[in-house]
Amino acid sequence: MAATTSTNSAPPRCGHCSTRSPTLLLCTGCRHTHYCNSSCQASARKRHKSVCSPRILRVPAEDPWQLRRHADLSERERREIDERESKALSGLAQRVVEEKIRPTVLRQDVIAQLAEWFLDMLLGPALPYNKLKNFERDVLNDADLMADAEIYVETLPGCHVSLIERNRGDDKKRGVYPPPGDELRVNDQVLRTRCGVMVAEFSKRMNVSDEALQKKAMDEFYNYYKKTIMETRPRAYNSYTGLSACMGDAKFMKRSEEIVMFALGLTKELKEETDEEDDSQPDAFVTTAPPPMHTLIVFATAMLGCVIAMPSTQSLDEYATIDTFTTSIFKDGLFYFTPLALGVIRMTFAFICMVVTIAKVRNGVNLKLTYLPDSKLRKGIIKMSGLKTQGFFTAWSWNLLGIAFFLSGLAPLLVAYDKKQILLDNPWILRAALVSFEIAAPSALFISFIVTYSLWPTAYKTHGPTGTMGFKSWVSLFQHDANTFMVLLELCLMGGIPVKLSHASFAPLYAGVYQVFMWCMANYWVPKHGPVFLYFFVDTTLGKKTTLFMIGLLSVIFVSFLFFALLEMGVAKIEHSEHGVFPNFCCVFLISSLLMKFND
Numbered sequence: 001m002a003a004t005t006s007t008n009s010a011p012p013r014c015g016h017c018s019t020r021s022p023t024l025l026l027c028t029g030c031r032h033t034h035y036c037n038s039s040c041q042a043s044a045r046k047r048h049k050s051v052c053s054p055r056i057l058r059v060p061a062e063d064p065w066q067l068r069r070h071a072d073l074s075e076r077e078r079r080e081i082d083e084r085e086s087k088a089l090s091g092l093a094q095r096v097v098e099e100k101i102r103p104t105v106l107r108q109d110v111i112a113q114l115a116e117w118f119l120d121m122l123l124g125p126a127l128p129y130n131k132l133k134n135f136e137r138d139v140l141n142d143a144d145l146m147a148d149a150e151i152y153v154e155t156l157p158g159c160h161v162s163l164i165e166r167n168r169g170d171d172k173k174r175g176v177y178p179p180p181g182d183e184l185r186v187n188d189q190v191l192r193t194r195c196g197v198m199v200a201e202f203s204k205r206m207n208v209s210d211e212a213l214q215k216k217a218m219d220e221f222y223n224y225y226k227k228t229i230m231e232t233r234p235r236a237y238n239s240y241t242g243l244s245a246c247m248g249d250a251k252f253m254k255r256s257e258e259i260v261m262f263a264l265g266l267t268k269e270l271k272e273e274t275d276e277e278d279d280s281q282p283d284a285f286v287t288t289a290p291p292p293m294h295t296l297i298v299f300a301t302a303m304l305g306c307v308i309a310m311p312s313t314q315s316l317d318e319y320a321t322i323d324t325f326t327t328s329i330f331k332d333g334l335f336y337f338t339p340l341a342l343g344v345i346r347m348t349f350a351f352i353c354m355v356v357t358i359a360k361v362r363n364g365v366n367l368k369l370t371y372l373p374d375s376k377l378r379k380g381i382i383k384m385s386g387l388k389t390q391g392f393f394t395a396w397s398w399n400l401l402g403i404a405f406f407l408s409g410l411a412p413l414l415v416a417y418d419k420k421q422i423l424l425d426n427p428w429i430l431r432a433a434l435v436s437f438e439i440a441a442p443s444a445l446f447i448s449f450i451v452t453y454s455l456w457p458t459a460y461k462t463h464g465p466t467g468t469m470g471f472k473s474w475v476s477l478f479q480h481d482a483n484t485f486m487v488l489l490e491l492c493l494m495g496g497i498p499v500k501l502s503h504a505s506f507a508p509l510y511a512g513v514y515q516v517f518m519w520c521m522a523n524y525w526v527p528k529h530g531p532v533f534l535y536f537f538v539d540t541t542l543g544k545k546t547t548l549f550m551i552g553l554l555s556v557i558f559v560s561f562l563f564f565a566l567l568e569m570g571v572a573k574i575e576h577s578e579h580g581v582f583p584n585f586c587c588v589f590l591i592s593s594l595l596m597k598f599n600d
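Under UniProt numbering, the first residue of the sequence shown carries the number 1, and numbering increases by one thereafter.
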């Protein structure tokens, strides 16, 4: 570790015990996290090892925006680092000019000026790209950062006017690039539009329809946003990259929310903004978040056990029969269903799943990231759009439930229309229908349980009513309430598709596949934001807690499977009793009331 001195900013915080002191020592690995002494460093080593990410540019950790550099280094160390960084920045600037901007005429000094500009950006709003791995590739692939670079180059004396004329003649760039002489380095109309969309979405969720109040809120939010990037933050934040970086800052988002709520008349008082540091955010945001080694070992052991315990094809065929999917639980009365009726109802459920999925893909999701206090991940609000909205475990299980209902509905429809031979020639249809239902049905109960008793209460406790708005949309209510209701209807009142204890390994295997998916996608949801985990309990920066949470996750979904299998056994026994539909109806009502949640 190297000694740190700091006179112009708040003292750094120890990465282990959180003590603040100007004499803390700096980790020589990532040169980002501070410790009181070697004892604190040793105590935090296991947790810090997985997030000790070397950067392409050294960033002091005392201030989350931009600070003095190299204050704690010798002259020789400072010179060596400067040379290495200068080479990296010059190479990046050269590639950007040649591959992205491609000007007709450009003086050589523009490369040096662009390199200095990248230095400010990578120490500020583009900090997540300040890393050794895939440094140039990720920077070049960021559309906002490349637009900011070209907007900056336009203002340089060494840039020929032909570049400006070319950009303003481009329909795509004309509405995005600001006039070269404007102090605001993003298009004013683009900023206003973004503010308007966010306020409109917020107003919709808070049931505020007054257009005058919405316009007032938009103007107030716009003024605060503009002041933040032009005055409050360093000049590098006056950019499209800076706009996005502000959205990832919890303090900025909290103040924005206060301003908008006051303008909409939802609060009676707007407190004065203070310069107090937001202690809810860690000193050192990580650029990568691989799972700790002990987590990987435990995970691999659990998955190996599940693979060994997987049922054979013969075991599946014992239950994946035509009768399983074409027989109604009740043989007479209101709840007697013919094969045609079973097929139509299940296909209707599958159609509902498809409609909800399409709606979620089209609408997108504004996700408020909530992590534990000792997390090293950046909080904030991120926009999930398109297929990225299907990355949630809820979406995975919802889509799998749709597939299960489609396949289990296809079987009775084929039988009803004398196409039984298709099922005999393609036994995989029945096997897939059984396995997908055995996974999706317990997962539905698991999701409803987690949302009702963990995610929703945590979001409400941390952020109040605004933190739970995402759970109250009709799409979310379908995915964490209607899923359980449809599954219970199938199990207790329709066909009673079996979920067998001997097939219990399917549930943790499915959860394990999703766990790997989350680890692989962490840096790809919103690359400029840094690593993102959609759920706080899959956060890989929590040390031993990461492993404990993973064990808990696999255990809970395993228990969900066991519960559902036992429930199915109970329903099967009730079929032979003389109590009729009443016990089944009570079962649906009781479990639904325990697991379905609609408000705070």
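Here a beta-carbon is modelled for each residue, glycine too, at the ideal position from N, C-alpha and C.
Since this is a predicted model, take the numbers as computed values, not measurements.
Let me make sure I understand the geometry here. Which of the options has the alpha-carbon closest to that of residue i?
| i | options | result |
| --- | --- | --- |
| P442 | P457, I101 and L501 | L501 |
| A565 | V161, I439 and S244 | I439 |
| V415 | C492, M230 and T321 | T321 |
| A522 | G391, S593, I403 and S555 | G391 |
| S505 | S436, T484, M486 and F471 | S436 |
| F299 | S555, S21 and K268 | S555 |
| L145 | V199, K100, R107 and T193 | K100 |
| R137 | L119, R95, H480 and I164 | R95 |
| R102 | A147, E269, N130 and H579 | A147 |
| D323 | T295, L430 and L372 | L430 |
| L24 | C17, H16 and P12 | P12 |
Just to check my reading of the structure: residue i and residue j have Cβ atoms closer than 8 Å, yes? What is that Cβ distance to the nearest angstrom?
| i | j | result |
| --- | --- | --- |
| D142 | P527 | 7 Å |
| D206 | G380 | It is worth fixing the name first, because residue 206 is Met in this sequence and not Asp. No, M206 and G380 are not in contact; Cβ-Cβ is about 20 Å, not under 8 Å. |
| L89 | A115 | 4 Å |
| L184 | M230 | 7 Å |
| S203 | L264 | 6 Å |
Quick check: residue i and residue j, are their CB atoms within less than 8 Å of each other?
| i | j | result |
| --- | --- | --- |
| G530 | T327 | no |
| V588 | L488 | yes |
| V451 | K331 | no |
| L377 | F533 | yes |
| A459 | T389 | no |
| N444 | L491 | The residue you asked about is not Asn; residue 444 is Ala in the sequence shown. Not a contact, by the Cβ cut-off of 8 Å. |
| P339 | P427 | no |
| T241 | P128 | no |
| H480 | T394 | yes |
| Y319 | L407 | no |
| Y222 | C195 | yes |
| L342 | M486 | no |
| L542 | L372 | yes |
From which residue to which residue does the beta strand (DSSP E) around residue i run?
| i | result |
| --- | --- |
| G380 | G380 to M384 |
| N363 | Taken as a continuous stretch (DSSP letters only), N363 belongs to no beta strand (DSSP E), being part of the alpha helix (DSSP H) at P339 to N363. |
Label residue i either buried or exposed according to how many other C-beta atoms from any shown protein chain fall within 10 Å of its C-beta, with 16 as the threshold for buried.
| i | result |
| --- | --- |
| S312 | exposed |
| F517 | exposed |
| G305 | exposed |
| S560 | buried |
| V208 | buried |
| L590 | exposed |
| E538 | Here residue 538 is Val; the residue named in the question, Glu, does not match the sequence. Under this definition V538 is a buried residue. |
| I497 | buried |
| A42 | exposed |
| E83 | exposed |
| I297 | exposed |
| A404 | buried |
| L92 | buried |
| S162 | exposed |
| W396 | buried |
In the DSSP assignment, find the alpha helix (DSSP H) that holds residue i and state where it starts and stops.
| i | result |
| --- | --- |
| V559 | K544 to I574 |
| T484 | N483 to C492 |
| D219 | E211 to K227 |
| E116 | D109 to L122 |
| T232 | No alpha helix (DSSP H) holds T232; DSSP gives it neither H nor E. |
| A126 | Taken as a continuous stretch (DSSP letters only), A126 belongs to no alpha helix (DSSP H), as it is neither H nor E. |
| C520 | F506 to M521 |
| P583 | F582 to L595 |
| Y177 | It is not in any alpha helix (DSSP H) - Y177 carries neither H nor E in the DSSP assignment. |
| I497 | Segment: none, I497 is in no alpha helix (DSSP H) and carries neither H nor E. |
| G409 | F393 to A416 |
| C195 | D188 to R205 |
Verify the contact flag: residue i, CB atom, against every heavy atom of the ligand PLP, threshold strictly below 7 Å.
| i | result |
| --- | --- |
| I439 | The ligand PLP is not among the ligands present in this structure, which contains no ligands whatsoever. |
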